[in-house]
Amino acid sequence: VTDSADRRSPLAGPLPIDLPGVRIEELPFLVKTNVRGPIDRPLPTTPNTVIGDGDAYALWLGPDEWLVVGAPVEGVDVSAQYATIVLRGSSARDVLAHGCALDLDALDSGWCAQTMLAKANVILHGVARDEFRILVRASFARYLVAWLADAASSATSAAG
Amino acid sequence: VRHESIGRIDRSRPLSFRFDGRDLTGFAGDTLAAALLANGIHHVATSVNLGRPRGIVSAGPEEPSAIVQIEAPFPEPMLTATTVELHDGLVASSLSGRGRLPNRPDPSRNDAVWAHCDVLVVGGGAAAMAAAAEAATSGGRVIIVDDRHHRPRPAGPRWLPASTSVRWLPRTTAVGYYDDNFVVAVERRTNHLGAAAPADTARERVWRIRAGRVVLATGVHERLIPFPDNDRPGVMLAGAARDYLRHYGVLVGHRAVVHTNNDTAYAVARELEHAGVEIVATVDTRAGDRISRVYGEERVTGVRVSSRQDSGDRDFVADVVLVSGGFQPVLHLYSQAGGRLAFSEPLGAFLADGCRQAVTVVGTATGDGLPECGVPPLPEPSDDVDDRTFLDLQRDVTVADVRRATDAGLRSVEHVKRYTTAGTAHDQGKTSGVLTSAAVAAALGTTVGDVGTTTFRPPYVPVAFATLAGRDRGALFDPERLTPMHDWHVAAGATFENVGQWKRAWYFPRGGEDLDAAVARECLAARTGVGLMDASTLGKIDVRGPDAGEFLDRLYTNIMSTLPVGSVRYGVMCGLDGMVFDDGTVARIDDETFLVTTTTGNAAAVLAWMEEWLQTEWPSLAVRCTSVTEQWATAALVGPASRTVMSRIAPDVDLAFMRWCDATVAGLPARVFRISFSGELAYEINVAGWHGYALWEALMSAGADLGITPYGTETMHVLRAEKGYPIIGQDTDGTITPDDLGLGWAIRKDPKDFVGRRSLSRPDALRTDRKQLVGLLPEDASLRLEEGAHVLAEAVPGPPPVPYLGHVTSSYASVALGRPFALALVAAGRARIGSRVYATVRGTLVPALVTSPVLYDPEGTRRDGLR
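Chains A and B, in that order, give the protein sequences. Here the first sequence stands for residues 60 to 219, numbered as in my numbering. Here the second sequence stands for residues 61 to 927, numbered as in my numbering.
Right, dumping it as structure tokens:
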């Protein structure tokens, strides 16, 4: 009954943004589920790590809490709760360093963290060395993209 | 005056600048101070209290005197001329103590970056580079912050192996040292480019650096020597004169008198002499010589030297006096880090003496290699008000001022600082702090070590507020949270109000309507036709697990575990003190799942409250709470015609009051609640957030022929107030129990405990004169009471203290009632129903009738609509 044309992302307008060394885009309408116990899919037990295959990921959020992204599973549906922003490129790390206190250089891939990016709570997922997913409450999405665009233009300007 | 070859300036790049209206030139690589001195200008400021001419004392951030106003390219007040890099088109002017803020917004950008390293080196000299090389060679990440710009290392420290990870930040000053080796530094990125600065680059950047270890190679600050008129332009630190020569090729004068208490100034004198400065006298305090007088006001023209050995005084013609009163290691950051300082009598300096943080001091900052010269001698104590022997030039504090402080009974150097203001200026007494301590010690007959120093506080140098604000300005100052329907509201011309960080539609004016006119129209539509409100911001929490019912029973004042699947119940939550904390609805989704709503402002607080109880008090309960506030977009369809609209887009929905169902609404999967915050027939339709916009458009379209009217939070407030529904936080203030609100019915009668129950049986909670929520009708039906107005029993108050019954919490005009009305918290309010009280309207007491808080449809006949 649902026509996907009826769905509307808060980020349909502002994204994607391409700058030298960084691309900011959205992965709209991803399925996301808050999971609080065993499901028929492997869940990471090491804090702040991610198990995934490129399509679906399970993110460790707490000793008994995970977020499964990209595949429908049993749990609390939070698909529309978060917008998913992808930050990719050789400067992506520098852009994040403008608003994130984590030591991103020490993190490679397959990690996640619940932290602050600028003034928004986010779940940060290190997909690859130069590729990050930022899951942010939908109501904060436009603020965060405006902030990212501003930080990226400064992080990628000629003066660095 | 420039030397023809010495210096690191780029003589192929002359720069034009303007100072106090004079067009001047300098070279690339100059500071403003260097270029002014090269043009023979020493007098660059006027002292704040005494109006005395002041010159350039130092060549760095320790400058106590040469404070200037930058006029162009953009006004900046109170910068030290010794740290402003010269650029083409720079316009500056001298200041008298205080600067001027620009009267237009600063167009520049500033930003902040987090960085992490194993070793942070602060400094740029040989000791800093050695420490950095050692750290980098052992494989760690190294950051070097160097506040200078004239150490030319364009490719970074080139003596380091290419494989090492070194980030070199020139023009960067470490300004604060906090716990866990967290150091804040400010990088000046484009200031030195003037109008040529690229617009997309931050002018200044705050570096927030977390370091495993910090190496302070911060060097030393030379000290002044107190002598009469030691503030005259032309009196400067000896080392500064050498810096001006070495770095900028500037000869600070033609004829110099050197005044010192140590050997270093002799080397400076030789170097300057070799470059062409005539050294006319060397006045060494160790030989008992001193300068007893300075000639010249706007510029030194000579000095009188008094000697212990010679019988008489001698006058010398000179245009500069080069002073060295010894050295103080730069330990501001060390002290901020929690490091202890110990006084060395031989050096006359405070030295690092251990720190709880991982910090090492290297180079001259340790005191190594400093002359054993002690603190320079102070002149005989004087309380002469005309004393002009200065300690703190920027604050015009003299030796006599300190003497007056100690004569007034002050003993602590901290108290003397506050009494005299010595050390409180932009420079925090970098060249005079130890002298001030010495003056206190001399006056009290004790030692400098006993007197100690005042506390070093961040920032080490002044930092502009714009720099600290970074990109947190304008639209990025604070996040604006937007609902899925926000764009529709904007397109419809809504006026918004801030509710926390949310932007909520306040009202939807049509054709020039003001708030009152729009709200009257919106209320009428909701009461007689159909209205539509965006309720997406309401907090929503998914509470599930085998013990979810038991858990909610303990948090709400009424029973939730008995709620049948498919039903909804209103609930009130109290704090441990029994006072109302939040309210909302609880819906039972299935045996083990409840959906809880909270007020917009308390969404996060209620979730945190639940987690606190679950994690700290009731870990045995198997319950999980998950915020789903933004999973759902919520549209409230309100009014007697709402059923008609629903029948068109959701024909299967047939809900009784306080029931919910899953349904398809306008083709969208939805969860529909029959609940009402207006007293009218109403549906709250929830869809996935990304469907919110489509749902809203479908509802507007389905109700178009019925005149469906979007309404905002103001109309919502009026509608609920007409029904006496309280808003937690507006009609309550943390001292109100459920019974005070008339919600005694929502407190369960069985003996089972809930949070706050015990407090509700305290005698104070049972007082009959507690403030209770009532309605107020002003007797003059043209008057609207003021929210917050005091409610009094008497029309003419007696002498103070005037007994006060309570206050107006909500007040509106009502179309439904045909008159204004208010809600108020009034002592023993329910017992006063039918009686008269008084409240203010624009300062005048007016009579009002106390009524039940439920003023509209008290029988509840409209809940199910007009069948």
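Glycine included, C-beta positions come from ideal geometry on N, C-alpha and C.
Using a 10 Å radius around the Cβ and a threshold of 16 neighbouring Cβ atoms, would you call B:Tyr864 buried or exposed? Looking at its Cβ environment, which holds fewer than 16 other Cβ atoms inside 10 Å, B:Tyr864 is exposed.
Exercise for review: Flag A:Trp119 as yes if its beta-carbon sits less than 9 Å from any beta-carbon of chain B, otherwise no.
Suggested key: So, not an interface residue.
| query | Hey, quick one: how far does the alpha helix (DSSP H) through B:Lys490 stretch, first residue to last? | reply | Taken as a continuous stretch (DSSP letters only), B:Lys490 belongs to no alpha helix (DSSP H), as it is neither H nor E.
Legend entry - Own chain residues within Cβ distance below 7 Å of B:Gly216, not counting five before or after: Caution is warranted here: a pLDDT of 47 is assigned to B:Gly216, below 50, making its placement in the model unreliable, and the coordinate value is therefore given only provisionally. Val226 and Trp228, listed in sequence order.
Practice problem: Please compile the residues from chain B whose C-beta is within a distance smaller than 8 Å of the C-beta of A:Cys159. | Solution: Correct list: Trp174.
Count the other C-beta atoms from every protein chain shown that fall within 10 angstroms of the C-beta of B:Glu740, then say buried if there are 16 or more, exposed otherwise. The residue is buried, with at least 16 neighbouring Cβ atoms inside 10 Å.
Is A:Asp167 near A:Gly185, with beta carbons less than 9 Å apart? Their beta carbons are under 9 Å apart, which means A:Asp167 touches A:Gly185 by this criterion.
Selection of the segment 659–686 of chain B by Cβ proximity to chain A, strictly under 9 Å:
Answer set for the segment 659–686 of chain B: Arg684 and Thr686.
Would DSSP call B:Asn558 helix, strand or coil?
Taken through DSSP and simplified to helix, strand or coil, B:Asn558 comes out as strand.
*Per DSSP, A:Glu190 forms a beta bridge with which residues?*
A:Glu190 pairs with A:Arg147 and A:Ala187.
* Let me know if B:Gln675 comes out buried or exposed under the rule of 16 or more other beta-carbons within 10 Å of its beta-carbon. => When all chains shown are included, B:Gln675 counts as exposed.
(message) Per DSSP, what are the beta-bridge partners of A:Ile110 in this structure?
(response) As a beta-bridge residue in DSSP terms, A:Ile110 pairs with A:Ala117.
* Across which residues does DSSP place B:Leu885 in a beta bridge pair? -> Looking at the DSSP assignment, B:Leu885 forms a beta bridge with B:Leu833 and B:His867.
Of the residues B:Pro439, B:His392 and B:Thr458, which one's Cα is nearest the Cα of B:Thr426? When each option's Cα is compared against that of B:Thr426, the closest is B:His392.
Any idea if A:Val60 is buried or exposed, counting beta-carbon neighbours within 10 angstroms, 16 or more meaning buried? Reliability of the predicted coordinates at A:Val60 is poor, the pLDDT of 43 falling under 50, and the value obtained from them is presented with this limitation in mind. That one is exposed.
Whole-Å CB distance - B:Ile285 paired with B:Asn321, under 8 Å assumed:
Sure, about 7 Å apart at Cβ, within 8 Å.
* **Identity of the residue in B:Phe556, B:Gly362, B:Arg346 and B:Trp669 nearest B:Arg353 by Cα** => When each option's Cα is compared against that of B:Arg353, the closest is B:Gly362.
Q) Which stretch, first to last residue, makes up the alpha helix (DSSP H) that contains B:Cys583? A) Leu575 to Thr588 is the extent of the alpha helix (DSSP H) around B:Cys583.
#### Entry: Min CB distance B:Pro711 to chain A below 9 Å
In terms of beta-carbon proximity, B:Pro711 stays away from the interface with chain A, with every pair separated by 9 Å or more.
| said: Considering Cα atoms alone, identify which of B:Arg879, B:Gly889, B:Ser367 and B:Leu837 is closest to B:Arg827. | reply: B:Gly889 is the residue among B:Arg879, B:Gly889, B:Ser367 and B:Leu837 whose C-alpha sits nearest the C-alpha of B:Arg827.
Coil, strand or helix - B:His319 by DSSP = In the three-state reduction of the DSSP assignment, B:His319 falls in the strand class.
### Query
Which residue from B:Arg306, B:Tyr238 and B:Ala580 puts its Cα closest to that of B:Cys415?
Residue B:Tyr238 is the option with its Cα nearest to B:Cys415.
Which term fits B:His102, buried or exposed, when burial requires 16 or more other beta carbons within 10 angstroms of its beta carbon? Counting the other Cβ atoms within 10 Å of the Cβ of B:His102 gives 16 or more, which makes it buried.
Check your understanding: What residues in its chain sit with their C-beta under 6 Å from that of B:Asp323, if we drop five residues either side in the sequence?
Key -> Within the same chain, B:Asp323 has close Cβ partners Pro431.
Have a look at B:Gly493 and B:Ala257 and give me their C-alpha separation to the nearest angstrom. B:Ala257 has its alpha-carbon roughly 37 Å from the corresponding atom of B:Gly493.
*asked:* Let's test the definition: count the other Cβ atoms within 10 Å of the Cβ of A:Thr104 and tell me whether it reaches 16, buried, or not, exposed.
replied: With fewer than 16 other Cβ atoms within 10 Å, it is exposed.
Can you grab the Cα-Cα spacing for the pair B:Pro880 / A:Val90, in whole Å?
The alpha-carbon separation between B:Pro880 and A:Val90 amounts to approximately 49 Å.
query = What are the residues of the segment 159–176 of chain A that lie near chain B, defined by any Cβ-Cβ distance shorter than 9 Å?
reply = Of all residues in the segment 159–176 of chain A, Cys159, Ala160, Leu161, Asp162, Leu163, Asp164 and Ala165 have a Cβ within less than 9 Å of some Cβ in chain B.
At the 9 Å Cβ level, is A:Leu183 part of the contact set with chain B, yes or no?
It does not; no Cβ of chain B falls within 9 Å.
Are there 16 or more other CB atoms within 10 angstroms of the CB of B:Gly749, so buried, or fewer, so exposed? B:Gly749 comes out buried.
Q.
Taking the alpha-carbon of B:Phe287 as reference, which of B:Lys783, B:Glu690 and B:Phe450 has the nearest alpha-carbon?
A. Nearest of B:Lys783, B:Glu690 and B:Phe450 to B:Phe287, Cα basis: B:Phe450.
> What is the DSSP secondary structure of B:Glu440, counted as helix, strand or coil?
Replying inline: B:Glu440: coil per DSSP, three-state reduction.
Checklist entry - Helix, strand or coil: which one does DSSP assign to B:Phe410? => result Annotated three-state conformation of B:Phe410 is strand, per DSSP.
### Task
Verify whether the separation of the beta carbon atoms of B:Pro389 and B:Gly434 is less than 9 Å.
Result no, Cβ atoms of B:Pro389 and B:Gly434 do not sit closer than 9 Å.
Check: Counting contacts by CB-CB distance shorter than 9 Å, is B:Thr496 in contact with chain A?
Finding: Not an interface residue.
*Return yes when the C-beta of B:Phe387 is under 8 Å from any heavy atom of the ligand FAD, and no when it is not.*
With respect to small molecules bound, the structure shown includes none, and the ligand FAD cannot be examined in it.
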